[in-house]
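The sequence shown maps to residues 10 to 410 in my numbering.
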Amino acid sequence: MNRSLPRSVVLKYYVYKAVSSAHLSGPIWVLFLLSRETSYTQVGLLDSVFAATLLLAEIPTGYIGDRIGRRNGLLVSTMLGSIGSIGFAFGFSFGAFAVMYAILAIGRTFRSGTESAWLYDILKERMDESEFARVNGRGNAVGLVVGGTAMIAGGALGRIDLAYPWIVSGVATGFAFIVLLTFPESARYADEEGFEDFTLLNALPTIKARILGSSLRSFVVYVAFFYAIMAGVNYFIQPISTQLGLTVFQLGWLYASFSLVAAVISYYSGEIKDRIGIDRWFRIAPISLGGFFLAVGVAPLLALPMFFVLKAIRNASQPLEQQYLNDNTASTGRATVLSAISMLYALVEIPAQVVIGGLADRYTAEIAIGILGGVLLVVTVIVWIGNASIASSIESSETAD
10 MNRSLPRSVV LKYYVYKAVS SAHLSGPIWV LFLLSRETSY TQVGLLDSVF AATLLLAEIP
70 TGYIGDRIGR RNGLLVSTML GSIGSIGFAF GFSFGAFAVM YAILAIGRTF RSGTESAWLY
130 DILKERMDES EFARVNGRGN AVGLVVGGTA MIAGGALGRI DLAYPWIVSG VATGFAFIVL
190 LTFPESARYA DEEGFEDFTL LNALPTIKAR ILGSSLRSFV VYVAFFYAIM AGVNYFIQPI
250 STQLGLTVFQ LGWLYASFSL VAAVISYYSG EIKDRIGIDR WFRIAPISLG GFFLAVGVAP
310 LLALPMFFVL KAIRNASQPL EQQYLNDNTA STGRATVLSA ISMLYALVEI PAQVVIGGLA
370 DRYTAEIAIG ILGGVLLVVT VIVWIGNASI ASSIESSETA D
């Protein structure tokens with residue numbers, strides 16, 4: 010088998026990550042909806058439509074990605090993303106926005122498991138799958154830099170017309186479609202050795218066997234909890250930052266700074282894997298972040314530096330988590346299993362946000378973060394002391410590499 014991966018393929022992947030991350034609507038999307046006579050209640054309902062569509066579509070779109078080919082699945086994703094983004098600019102009713110939200114959510118689910126599966130398979134066939142964290146991390150870094158710049162540009166365009174950032178985002182996603190057309194397909198699809206035996210009937214048993222297997226079960230549950238805590242704290246960035254004196258315009262630059270810091274650490278994900286290891290990272294990162302959360306509960310002024318640490322840890326964790334999941338998932342049905350895991354993460358995150366929001370309403374956002382820090386520390390210590398299967402399974406995976 011040819012194990013040489015042409016540099017051009019990796020560069021195309023980085024270009025794809027760049028253009029697919031040029032979302033200019035981030036800083037203005039709520040303002041845009043309000044300008045189209047959408048109420049705050051309806052904004053919340055639209056978020057619910059998006060979340061519900063994600064949950065319902067994750068497994069079916071992952072399965073479709075396995076059936077039609079990973080590259081084709083990504084093409085569908087970018088097409089829907091472009092349609093949804095441009096469609097937003099021309100929406101003027103709650104119903105129209107709900108449809109666009111659903112289209113964007115389905116597009117995301119086509120990418121969530123399929124993108125990772127495509128990259129891992131290509132590396133396994135043509136280079137070295139142990140390089141996944143490094144290549145994926147650097148691709149994420151490129152996307153974060155472009156995304157941060159896009160947020161600043163989106164704020165500037167939004168001053169002219171709040172619809173313009175949506176249109177430009179849709180056009181950028183269209184360029185991602187063109188880049189994807191040049192991507193190679195993994196050998197199994199390119200040789201037309203389709204997944205004839207992988208039907209919808211045996212997709213669910215495959216998911217059950219892989220996720221409930223000893224190598225993934227404990228890790229997935231643990232990471233779902235960790236990600237849910239980080240996602241909950243992420244919602245406090247804007248209100249706490251404005252309380253500390255930042256203007257809405259300065260928030261755009263703050264988020265761009267987040268992206269820059271996250272890009273740097275994501276770029277070095279491969280080095281983190283080699284020097285620290287996946288096992289040790291998922292011990293150190295939650296404990297370190299939990300300590301920062303506790304500190305914010307006592308000294309709220311530490312919130313801003315904590316937010317930078319939060320973004321850095323979240324973006325360093327993703328390539329390492331994906332490396333481990335791909336290492337422990339067979340090629341047949343890989344996108345389906347990864348999409349199912351994304352769905353499980355969402356199932357944990359949604360009720361967690363309700364609880365976290367309740368804590369902030371009852372106390373303050375800063376105290377809620379401090380409480381979450383204590384919970385994160387206690388759970389992390391209990392899990393790693395009482396459940397050695399996580400450490401042993403990760404260690405065995407790294408040894409196999």
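Note that CB positions come from ideal geometry on N, CA and C, so glycine has one too.
Just so it is clear, the structure is predicted and the values come from calculations on it, not from any experiment.
Take the alpha-carbon of Ser29 and the one of Tyr129: they are about 19 Å apart. Taking each of Phe119, Ile296, Val52, Arg135 in turn and checking the Cα distance to Ala105, the smallest one comes out for Val52.
Straight through space, the alpha carbons of Leu171 and Leu347 are spaced by roughly 35 Å.
By the C-beta density criterion, Asp370 is exposed, having fewer than 16 other C-beta atoms within 10 angstroms. By the C-beta criterion, the stretch 54-72 is judged not to be in contact with the stretch 271-283, since fewer than 3 inter-stretch pairs fall below 8 Å. Across the structure, Leu253 and Gly241 are spaced so that their CA atoms are roughly 19 Å apart. Counting along the chain, Phe317 sits inside the alpha helix (DSSP H) bounded by residues 312-336. Straight through space, the alpha carbons of Thr118 and Lys21 are spaced by roughly 22 Å. Leu353 sits in a helix when the DSSP states are folded into three classes.
Cα atoms of Ala181 and Ser91: separation of roughly 8 Å, rounded to the nearest angstrom. Membership of Asp137 in any alpha helix (DSSP H) is not indicated, and neither H nor E is assigned to it by DSSP.
If you ignore the 5 residues before and after Ala162, its C-beta comes within less than 6 Å of the C-beta of Leu33, all in its own chain and listed in chain order.
Where Thr256 is concerned, there is no enclosing alpha helix (DSSP H), because DSSP gives it neither an H nor an E. The C-beta separation of Leu64 from Met352 comes to about 6 Å, placing the pair in contact by the 8 Å criterion. Taking Phe97 as the centre and dropping the five residues before and after it, the same chain places the C-beta of Met109, Trp175 closer than 6 Å to its C-beta, in chain order.
Just measuring C-alpha positions, the residue of Thr62, Val307, Tyr231 sitting nearest Asp288 is Tyr231.
Taking all protein chains shown into account, Val39 has fewer than 16 neighbouring C-beta atoms within 10 Å of its C-beta and is therefore exposed. Look at Glu67 here: in three-state DSSP terms it is helix. Under a 10 Å Cβ-count criterion, Gln332 is classified as buried, with 16 or more other Cβ atoms of the shown protein chains found around its own Cβ. Within the same chain, Cβ atoms closer than 7 Å to the Cβ of Ser178 are found at Ala31, His32, Leu33, Ser34, Ser94, the five residues on either side in sequence being excluded.
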